[in-house]
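Only one structure is covered here, and it is reproduced in the block below.
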Amino acid sequence: MAAEAERLAALTAEEAGRIAGEEVALAAGEGPGGPQGAAAEPGAGALPPVDPGEPTDGPAAAAPVAETSALQTASGWVCPLRGPFSHFDDFGDPRHYGGWHKGNDLIAPTGTPVLAVESGRVEHRANRIGGNSAYLFADSGNYYYNTHLSAYENVGVGWVPAGAVIGYVGDSGNAAGLPHLHFEYHLGGRGNHINPYPVVHEACF
28 MAAEAERLAA
38 LTAEEAGRIA
48 GEEVALAAGE
58 GPGGPQGAAA
68 EPGAGALPPV
78 DPGEPTDGPA
88 AAAPVAETSA
98 LQTASGWVCP
108 LRGPFSHFDD
118 FGDPRHYGGW
128 HKGNDLIAPT
138 GTPVLAVESG
148 RVEHRANRIG
158 GNSAYLFADS
168 GNYYYNTHLS
178 AYENVGVGWV
188 PAGAVIGYVG
198 DSGNAAGLPH
208 LHFEYHLGGR
218 GNHINPYPVV
228 HEACF
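Using our numbering, the first residue of the sequence shown is number 28, and each one after it goes up by one.
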């Protein structure tokens with residue numbers, strides 16, 4: 028377990044540099060309401076990688092590996108991934124350009140199903156930094172950003188129930204070589220970033 032934790036910590040340190048510009052892209056409007064790339068069709072491959080820049084230090088230890096299923100918790104969430112993954116409480120970690128990490132990174136194999144954590148309207152679009160992305164506007168008013176996907180699912184259906192597959196883990200955008208889901212939780216709507224780690228941990232472990 029110690030060796031696995033060290034390996035995941037090293038991957039996360041490398042990954043921090045790869046997604047360093049992600050929140051800059053969101054702030055610039057590279058999501059719903061801003062400039063978008065072409066949406067991928069289900070089964071589409073990753074987008075061309077973006078220069079990740081210099082890596083920053085990542086967390087020192089990993090959480091246990093989860094084996095998940097689509098079960099809704101007391102919080103009202105379904106686990107965002109269906110399958111084994113590891114994650115870290117990396118919300119708020121500093122970035123080399125002076126920004127901070129506005130979500131959590133869930134490290135999982137390419138092709139792991141990404142689920143809607145709540146019921147709501149899902150939009151699939153690509154952007155330069157995140158690559159293939161699924162934007163979930165939940166019925167509760169919350170907003171969730173799921174990015175670096177390898178492919179989409181349920182494209183064009185609009186509303187989806189909690190637990191519906193909305194995409195698959197990948198390394199699109201600037202995450203080339205490190206498959207993971209960058210997952211953001213915005214309480215009450217886009218812009219109010221909340222650390223998703225405690226609720227992800229409750230829903231998945």
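Backbone N, C-alpha and C define an ideal beta-carbon position, used for all residues, glycine too.
Model, not experiment: these values are computed from the prediction.
{"Check": "Residue closest to residue 135, alpha-carbon to alpha-carbon, out of 121, 128, 167, 115", "Outcome": "115"}
{"Check": "Backbone CA spacing between residue 101 and residue 184 [nearest angstrom]", "Outcome": "Low per-residue confidence applies at residue 101: pLDDT is 47, beneath 50, and the placement is therefore not dependable enough to give any value."}
{"Check": "For residue 128, the first and last residue of its enclosing alpha helix (DSSP H)", "Outcome": "Looking at the DSSP string, residue 128 is not in any alpha helix (DSSP H), and its letter there is neither H nor E."}
{"Check": "Assigned secondary structure, residue 225 (DSSP; H/G/I helix, E/B strand, else coil)", "Outcome": "helix"}
{"Check": "Span of the beta strand (DSSP E) around residue 140", "Outcome": "140-142"}
{"Check": "Residue nearest to residue 179 in terms of C-alpha spacing, selected from 172, 169, 195", "Outcome": "195"}
{"Check": "Between the CA atoms of residue 169 and residue 81 - distance to the nearest angstrom", "Outcome": "Confidence at residue 81 is low in this model, with a pLDDT of 26, below 50, so the placement of that residue should be treated as unreliable; the coordinate-derived value is given next. Going by the C-alpha atoms only, they are around 32 Å apart."}
{"Check": "Coil, strand or helix - residue 230 by DSSP", "Outcome": "helix"}
{"Check": "8 Å Cβ cutoff met for residue 182 and residue 142", "Outcome": "no"}
{"Check": "Environment of residue 216 [buried if 16+ CB atoms lie within 10 Å]", "Outcome": "exposed"}
{"Check": "Residue 148, DSSP secondary structure in three states", "Outcome": "strand"}
{"Check": "Close Cβ partners of residue 206 (< 7 Å) along its chain, the five nearest in sequence each way excluded", "Outcome": "135, 136, 137, 196, 197, 198"}
{"Check": "Simplified DSSP assignment, three categories, for residue 180", "Outcome": "coil"}
{"Check": "Residues bridged to residue 135 [DSSP beta-bridge criterion]", "Outcome": "According to DSSP, residue 135 bridges with nothing at all."}
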